[in-house]
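K.L.:
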Ligand SMILES: Cc1cc2nc3c(=O)[nH]c(=O)nc-3n(C[C@H](O)[C@H](O)[C@H](O)COP(=O)(O)O)c2cc1C
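In this note's numbering, the protein residues as written are 19 to 214.
#1: Name the residue from 201, 139, 156 and 142 whose alpha carbon lies nearest to the alpha carbon of residue 114.
#2: Do the region 172-182 and the region 133-140 meet, that is, are 3 or more Cβ pairs less than 8 Å apart?
#3: Just mark residue 199 as buried or exposed, buried being the case when its beta carbon has 16 or more other beta carbons within 10 Å.
#4: Pull up the distance between the alpha-carbon of residue 148 and that of residue 205, whole angstroms please.
#5: Run the proximity test for residue 174: is its beta-carbon closer than 7 Å to any non-hydrogen atom belonging to ligand 1?
#6: Can you tell me whether DSSP reads residue 168 as helix, strand or coil?
#7: Considering just the uninterrupted stretch of the alpha helix (DSSP H) at residue 74, what are its terminal residues?
#8: Closest to residue 70 by CA distance: which of 129, 191 and 36 is it?
#9: Write down the C-beta distance between residue 101 and residue 136 rounded to the nearest angstrom, noting that I regard them as a contact closer than 8 Å.
#10: Using 8 Å as the threshold, is the C-beta distance between residue 55 and residue 30 below it?
#11: In the DSSP assignment, find the alpha helix (DSSP H) that holds residue 202 and state where it starts and stops.
#12: Quick check on DSSP: helix, strand or coil for residue 90?
#13: Rounding to the nearest angstrom, what Cα-Cα distance links residue 201 and residue 190 in this structure?
#14: Residue 86: beta carbon under 7 Å from a heavy atom of ligand 1?
#15: Quick one: what's residue 106 bridged to in DSSP?
#16: Considering only their Cβ atoms, is the gap separating residue 57 from residue 78 smaller than 8 Å?
#17: For my contact list, residue 83 and residue 120 are in at a C-beta cut-off of 8 Å; report their separation, rounded to the angstrom.
#18: Do residue 45 and residue 22 have their CB atoms nearer than 8 Å?
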């Protein structure tokens with residue numbers, strides 16, 4: 019079980035993307051907060067269709083970044099600010115789309131720019147439809163990212179959101195599990211390498 023001493027004062031950047039499981043990112047943010055982390059949220063435009071920036075603002079005390087071109091007053095106007103400050107970047111949930119962008123070196127939103135620019139370890143918790151997850155392009159992208167040092171938590175087999183599939187592979191790992199795995203990595207830096 020993660021202890022506050024492992025997390026206290028760490029700057030955790032939580033990336034939320036456009037998955038039906040986006041609401042569970044609130045629980046991930048909450049758990050990191052309980053453990054004493056400073057949590058900053060970045061969201062894709064897609065993520066805002068599922069959960070509002072206001073929710074994360076209220077939970078973390080910081081206004082999430084959605085539009086990297088929008089000037090901010092609470093920190094330097096720097097699209098790589100989060101990347102530079104992060105001790106850990108956690109993408110939960112992470113869509114097939116964002117996995118594909120990262121695997122192919124694309125950086126056209128705050129989440130993918132931050133992932134590309136950071137020297138911190140990046141934990142990815144995918145969530146998607148079972149057929150999307152089993153798609154060979156998605157699988158190849160995941161293999162590629164694992165080889166490059168990205169750390170995956172889940173997805174798991176279980177009940178999926180779509181009424182078309184009762185259950186399958188592609189379910190977001192439980193929020194507590196995502197935080198547990200991320201904290202374990204934080205606690206043993208030798209297992210934790212920045213993706214390259
Ligand atoms: C209701 C609904 C649920 C979705 N859930 C997922 C999901 O769990 N995982 C996923 O990869 N894409 C999902 N998508 C598709 C993504 O939202 C879509 O690929 C979008 O472009 C992702 O944008 P982003 O990756 O920039 O956040 C869903 C779409 C809809 C309409």
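Where a beta carbon is used, it is the ideal one built from N, C-alpha and C, also for glycine.
P.N.:
Considering the structure as presented:
#1: Position 96 of the chain shown holds residue 114. With distances taken between Cα atoms, residue 114 lies closest to 156.
#2: Segment contact: the region 172-182 against the region 133-140, fewer than three CB-CB distances shorter than 8 Å; contact not assigned.
#3: Sequence index remark: in the chain shown, residue 199 carries index 181 (1-based). The Cβ neighbour count for residue 199, taken over all protein chains shown within 10 Å, is at least 16; the residue is labelled buried.
#4: For the purposes of this step, residue 148 is identified with residue 130 of the chain shown, where counting begins at 1. For the purposes of this step, residue 205 is identified with residue 187 of the chain shown, where counting begins at 1. Going from the Cα of residue 148 to the Cα of residue 205 covers about 32 Å.
#5: For the purposes of this step, residue 174 is identified with residue 156 of the chain shown, where counting begins at 1. It does not: the Cβ of residue 174 is nowhere closer than 7 Å to a heavy atom of ligand 1.
#6: Against the chain shown, residue 168 aligns to sequence position 150. Here residue 168 sits in coil by DSSP.
#7: Your numbering for residue 74 matches position 56 in the chain shown. Start and end: 71-78.
#8: Stepping through the chain shown from its first residue, residue 70 is reached at position 52. The shortest C-alpha separation from residue 70 is found at 36.
#9: Here residue 101 corresponds to residue number 83 of the chain shown, with the count starting at 1. Here residue 136 corresponds to residue number 118 of the chain shown, with the count starting at 1. Correct: roughly 4 Å between the Cβ atoms.
#10: Numbered from 1 along the chain shown, position 37 holds the residue referred to as residue 55. Numbered from 1 along the chain shown, position 12 holds the residue referred to as residue 30. Contact: yes.
#11: By 1-based counting over the chain shown, the position of residue 202 is 184. For residue 202, the enclosing alpha helix (DSSP H) stretches over residues 193-205.
#12: The residue given as residue 90 occupies position 72 in the chain shown. In the structure shown, the three-state DSSP call for residue 90 is coil.
#13: As a working note, residue 201 is residue 183 in the chain shown. As a working note, residue 190 is residue 172 in the chain shown. Going by the C-alpha atoms only, they are around 18 Å apart.
#14: Along the chain shown, read from residue 1 onward, the residue named residue 86 stands at position 68. Result no, Cβ not under 7 Å from ligand 1.
#15: Taking the chain shown and counting its residues from 1, one reaches residue 106 at position 88. Paired residues: 30.
#16: As a first step, residue 78 is located in the chain shown; it is residue number 60 there, counting from the start. As a first step, residue 57 is located in the chain shown; it is residue number 39 there, counting from the start. In this structure, residue 78 lies near residue 57, with their beta-carbon atoms less than 8 Å apart.
#17: Within the chain shown, the letter at position 65 stands for residue 83. Within the chain shown, the letter at position 102 stands for residue 120. That belief does not hold up - the Cβ atoms of residue 83 and residue 120 are roughly 17 Å apart, past 8 Å.
#18: Against the chain shown, residue 45 aligns to sequence position 27. Against the chain shown, residue 22 aligns to sequence position 4. No; because the gap between Cβ atoms is not below 8 Å, this pair is not in contact.
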